[in-house]
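Trainee: The structure that follows is given in the form of structure tokens.
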Amino acid sequence: MSAAVARPRGPDLVRAVTPAALILLFIIFSVASPTFRTPGNLLHILVNNFTLPAIVALGMTLVVSTGGIDLSVGVSADIAAMVSVTLMSLGHGLATSLLAGLGGALLVGALDAVLVTGFGISPFLATLGVLFIGESVQQQATNGGTPIYLVSNYPEAGLDFLAHGTILGLPLPLWIVIAAVLLVQVLLTRTPFGRHVRAIGAEPRVARYSGVPVRRTSWLVYILSALLCGIAGLLLAATVKSYVPLSGNAFLLDAIGAVFVGTTISREAKPNVLGTLLGVFLFGMLHNGLLLIGWNFYWQQVAVGLLVFTVLGASFFSRRLQTSD
Amino acid sequence: MTADALASPGFAEPKADTEDRATRRARRRSQIVRLGSIGALIAVFAYFAIAAPGFAALGNLTNVVEQSTVLALLAFGMSIVILGGGADVIRGGIDLSLGANLGLCAAAYTVASNAGCSDIAAAAITLAVGTAVGSLNALAVVGLGVLPLLATLAVMNICAGAELVLTQNTVLTANSPLLSWIAGASWLALSVTDWVLVVTSVLLVLAVHGTRWGLRLQAVGAHTQAARAAGLGVRGYLAGTYVGAGLLTAIAAIVQAARLSGSSPGSGDILLSVVLTSLMSVVFSRRLLPSIGGTLLSVLFIGCLINGFQLLNVSSYWVNGVQGVLILFVVAVRSLSTRTGGG
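Residue numbers (my numbering), protein chains in the order written: chain A, 97 to 421; chain B, 6 to 348.
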């Protein structure tokens, strides 16, 4: 037990840190750039800066809830994209290719799960190993990282629909996010599986001794995370109509950052769906806003790092103040 | 009174026998791991010596040592951080910002040197940058209580972004007397780069394994509560490890700038090797803890492996994969060998 996981007491300012940062940034960007607060731009943030990282971060929320971490999210996304784009470029059908892609992502998740539950390797190191093996496999398969492009007139319109289609006026990726949110929220809060996940996250040994199926639960968590990442990878591939090796790694920091920033809004400092979504939106807004006020990609990276640093620092520090009475 | 209770034989004796047996078994297991890994090292070495022409030549081996210096300095920093913070990956010590810090420091040296700073000024700036990054980690981990994994991940992002801002993601070249001295000069058949490695290794082995400071540092990492109860300034030791790692990284950055004649993007990729070698070092230690000597052995092992692959014409794309497999192997061996009957 360290101070970081101790329960805070009473109503606290910590939980306001993330929403306050969100509102503050929104005001700053709205003042600095008139285009920022237009409905069109806000929808643009939702679709382009929010959907894919949100899907990945929801899987990460599950993993972190068990006390683990998944560094191989990028690999799951990339392998899914690689398999399906390769199959499509060879002329296979859309459904077959997409399913095969998800199968590839599942393999990555299964590898994580075997290493973590079977060999007892700590999740950080197990998924770090998988991350590098996955990168190696991709480089080997693409001759060092050459992207695979789909011919522009790929016969099935379904691919275009996946990226740009709308249902009831909302873009399809947003519907997928909504489905994923419901799935993870219901799983975490309303099912025995969710109780097991939280029990393992709180105290794995106690969970095992009280009869929680630790292995089965961990398996499911890594498989689900990989599956969600695979979906994000497929959506990315459908949007850019190509597979760019190692592109999934861009999700990693945003996902981890969003989950841990999200823990600050929970009274128990636990990962939660709403917090994760707030975190992802915060990052998406930051990227978009900085771009609009003319900061380039390099400065954006510094700014995201500083933001994560500040939010985590503020929340951990005030928790420490509260618990050290 | 409490001390009396603890010291009284009535409490200690019934457990002593079973614990003794468990300890003995654990010691035997760790011995097998240690001898096995040294055996594996020799086997790999022998294989390359036979299969790869020119591998065992003296010139090639000094080449391996030279290529390993930057990695070794970073891995030393990581080992010190893990020693001081404890081996638990999530709550213990880890510094993910080392690779990005290396890139930032190398860029800082190159930019400063190109802006007309003298060698001493540029080196001072570099050391200051590295130490500042280390202090930022220390502030977050020790001062604010953020988990090291998260704090250093955020700092990694800041450093990587700052490096891009400095270099605009391009290769910058630099030439200065200091760099050409490091790259070119040699003394007693060893180049300056080799000497940096030798001197740092000796100093750190002495400091970590031979002084009161090192012993206390290990106490802080292994039993934080006990160390605090014994009156050690735990926070000071922890902060020191992060700042020290930052300083080592800055030194490594100057060596790297000399080897590459400047700075080039992508230095952060070294992080995997740093994590790997630091973790691997535990298999060379009797108590399965990171050690400076063990880290040096692992670094040279990885250096030989990469060099041997090059000589055998194995695609360089596999190097990362092999390192990933090695990490998993090492950690699986450790977790299986330290797993006691009950837990």
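Even glycine gets a Cβ: it sits at the ideal position worked out from N, Cα and C.
Count the other CB atoms, across all protein chains shown, that sit within 10 Å of the CB of A/Asp-174; report buried if there are 16 or more and exposed otherwise.
Mentor: Taking the first residue of the first sequence as position 1, residue 174 of chain A is located at position 78. A/Asp-174 comes out buried.
Trainee: Strictly by DSSP, which residues pair up with A/Tyr-339?
Mentor: If you number the first sequence from 1, residue 339 of chain A lands on position 243. For A/Tyr-339, which the question treats as bridged, DSSP gives the partners A/Ile-244.
Trainee: Please tell me whether A/Tyr-318 and A/Val-159 are closer than 8 angstroms, where the distance is taken between their beta carbons.
Mentor: Working through the first sequence from its first residue, we reach residue 318 of chain A at position 222. Working through the first sequence from its first residue, we reach residue 159 of chain A at position 63. Going by C-beta atoms, A/Tyr-318 is nearer than 8 angstroms to A/Val-159.
Trainee: In terms of alpha-carbon separation, which member of B/Leu-66, B/Ile-37, B/Ala-231, B/Leu-79 lies closest to B/Leu-277?
Mentor: Locating residue 277 of chain B in the second sequence gives position 272, counting from the first residue. Answer by Cα proximity: B/Leu-79.
Trainee: For a contact defined as C-beta to C-beta under 8 angstroms, what are the partners of B/Ser-320 on chain A?
Mentor: Stepping through the second sequence from its first residue, residue 320 of chain B is reached at position 315. What B/Ser-320 touches in chain A: Gln-236.
Trainee: Which residues, in order along the region 206-225 of chain A, keep a beta-carbon less than 7 angstroms from a beta-carbon of chain B?
Mentor: Result list: Leu-211, Phe-215, Gly-216, Ile-217, Ser-218, Phe-220, Leu-221, Ala-222, Leu-224, Gly-225.
Trainee: Just reading off the alpha helix (DSSP H) that A/Ala-346 is part of, what are its end residues?
Mentor: One-based indexing of the first sequence puts residue 346 of chain A at position 250. Unbroken alpha helix (DSSP H) run through A/Ala-346: 346-358.
Trainee: Beta-carbon separation of B/Val-260 and B/Val-201 under 8 angstroms?
Mentor: Here residue 260 of chain B refers to the residue found at position 255 when the second sequence is read from its first residue. Here residue 201 of chain B refers to the residue found at position 196 when the second sequence is read from its first residue. Yes, they are a contact pair.
Trainee: Since B/Asn-106 meets chain A, which of its residues come closer than 8 angstroms, beta carbon to beta carbon?
Mentor: Reading the second sequence from its first residue, position 101 is the one you call residue 106 of chain B. Per Cβ cutoff of 8 angstroms: no residues; B/Asn-106 is ~12 angstroms from chain A at best.
Trainee: Taking the CB atoms as reference points, tell me whether A/Leu-268 and A/Thr-262 lie closer together than 8 angstroms.
Mentor: In the first sequence, counting from the first residue as 1, residue 268 of chain A sits at position 172. In the first sequence, counting from the first residue as 1, residue 262 of chain A sits at position 166. Cβ atoms of A/Leu-268 and A/Thr-262: closer than 8 angstroms.
Trainee: Could you confirm whether any beta carbon from chain B is found closer than 8 angstroms to the beta carbon of A/Ala-112?
Mentor: If you number the first sequence from 1, residue 112 of chain A lands on position 16. Closer than 8 angstroms: no.
Trainee: Going along chain B, which residues have a C-beta under 8 angstroms from A/Ser-232?
Mentor: By one-based count along the first sequence, residue 232 of chain A stands at place 136. Per Cβ cutoff of 8 angstroms: Tyr-322, Trp-323, Val-324, Asn-325, Gly-326, Val-327, Gly-329.
Trainee: Measure the CB-CB distance between A/Leu-323 and A/Gly-205 and report whether it falls below 8 angstroms.
Mentor: To locate residue 323 of chain A, count along the first sequence from 1; it is residue 227. To locate residue 205 of chain A, count along the first sequence from 1; it is residue 109. Yes, Cβ-Cβ distance for A/Leu-323 and A/Gly-205 is below 8 angstroms.
Trainee: Of the residues A/Val-302, A/His-292, A/Gly-297, which one's Cα is nearest the Cα of A/Thr-313?
Mentor: Mapped onto the first sequence, residue 313 of chain A falls at position 217. The shortest Cα separation from A/Thr-313 among A/Val-302, A/His-292, A/Gly-297 belongs to A/His-292.
Trainee: Let's test the definition: count the other Cβ atoms within 10 Å of the Cβ of B/Ile-97 and tell me whether it reaches 16, buried, or not, exposed.
Mentor: In the second sequence, residue 97 of chain B corresponds to position 92, counting from 1. The sequence given here has Gly at residue 97 of chain B, not Ile. By the neighbour-count rule (16 or more Cβ atoms within 10 Å), B/Gly-97 is buried.
Trainee: Answer yes or no: does any C-beta atom of chain A fall closer than 8 angstroms to that of B/Gly-150?
Mentor: Here residue 150 of chain B refers to the residue found at position 145 when the second sequence is read from its first residue. True, the Cβ-Cβ gap to chain A drops below 8 angstroms.
Trainee: Taking only three categories from DSSP, how would you classify B/Gly-267?
Mentor: The residue labelled residue 267 of chain B in the question sits at position 262 within the second sequence. Strand at B/Gly-267.
Trainee: By Cβ distance below 7 angstroms, which residues in the same chain neighbour B/Trp-186 in space, the five residues on each side in sequence not counted?
Mentor: The residue labelled residue 186 of chain B in the question sits at position 181 within the second sequence. Taken in chain order, the residues that qualify are Val-197.
Trainee: By the 10 Å Cβ neighbour count, where 16 or more other Cβ atoms means buried, how is A/Gly-409 classified, buried or exposed?
Mentor: Along the first sequence, read from residue 1 onward, the residue named residue 409 of chain A stands at position 313. Buried: at least 16 other Cβ atoms inside 10 Å.
Trainee: If you drop the 5 nearest sequence neighbours on each side, which residues of the same chain put their C-beta closer than 6 angstroms to that of A/Val-357?
Mentor: Here residue 357 of chain A refers to the residue found at position 261 when the first sequence is read from its first residue. Within the same chain, A/Val-357 has close Cβ partners Thr-114, Gly-375, Val-407.
Trainee: As a quick exercise: from A/Trp-315, A/Leu-316, A/Ile-296, pick the residue whose alpha carbon is nearest that of A/Gly-307.
Mentor: The residue given as residue 307 of chain A occupies position 211 in the first sequence. Looking at the Cα atoms, A/Ile-296 is the closest of the given residues.
Trainee: Which value, in whole angstroms, describes the spacing of the CA atoms of A/Ile-272 and A/Thr-157?
Mentor: Working through the first sequence from its first residue, we reach residue 272 of chain A at position 176. Working through the first sequence from its first residue, we reach residue 157 of chain A at position 61. Rounded to whole angstroms, A/Ile-272 to A/Thr-157 spans 17 angstroms at the Cα level.
Trainee: Enumerated in chain order, which unbroken segments of the beta strand (DSSP E) with a length of 3 residues or greater are wholly contained in the region 70-102 of chain B?
Mentor: Segments of the beta strand (DSSP E) lying fully in the region 70-102 of chain B: there are none.
Trainee: Assuming B/Thr-246 and B/Cys-110 make a contact with CB atoms under 8 angstroms, what is their CB distance in whole Å?
Mentor: Position 241 of the second sequence, counted from the first residue, corresponds to residue 246 of chain B. Position 105 of the second sequence, counted from the first residue, corresponds to residue 110 of chain B. The pair is not a contact, with the Cβ atoms about 18 angstroms apart (cut-off 8 angstroms).
Trainee: What are the boundary residues of the alpha helix (DSSP H) that includes B/Ser-278?
Mentor: Here the question's residue 278 of chain B lines up with position 273 in the second sequence. That run of the alpha helix (DSSP H) goes 276-285.
Trainee: Considering only residues of the same chain and omitting the five flanking positions on each side of B/Leu-101, which have a CB-CB separation below 6 angstroms?
Mentor: The residue given as residue 101 of chain B occupies position 96 in the second sequence. Around B/Leu-101: Thr-157, Leu-158, Met-161.
Trainee: Which residues, taken in chain order from the region 393-410 of chain A, show a beta carbon closer than 7 angstroms to some beta carbon of chain B?
Mentor: Flagged, chain order: Tyr-394, Trp-395, Gln-397, Val-398, Val-400, Gly-401, Leu-402, Val-404, Phe-405, Leu-408, Gly-409.
Trainee: Could you tell me whether the region 203-220 of chain A touches the region 182-193 of chain A, where touching means 3 or more Cβ pairs closer than 8 angstroms?
Mentor: Taking 8 angstroms as the limit for Cβ pairs, the verdict is that the region 182-193 of chain A does not touch the region 203-220 of chain A.
Trainee: B/Phe-289 and B/Gly-273 look like a contact to me (Cβ under 8 angstroms); what is the Cβ gap, rounded to whole Å?
Mentor: Here the question's residue 289 of chain B lines up with position 284 in the second sequence. Here the question's residue 273 of chain B lines up with position 268 in the second sequence. Not really, about 27 angstroms apart at Cβ, beyond 8 angstroms.
Trainee: Helix, strand or coil for B/Ala-12, going by three-state DSSP, please let me know.
Mentor: Looking up residue 12 of chain B in the second sequence gives position 7. Reliability of the predicted coordinates at B/Ala-12 is poor, the pLDDT of 43 falling under 50, and the value obtained from them is presented with this limitation in mind. It is helical.
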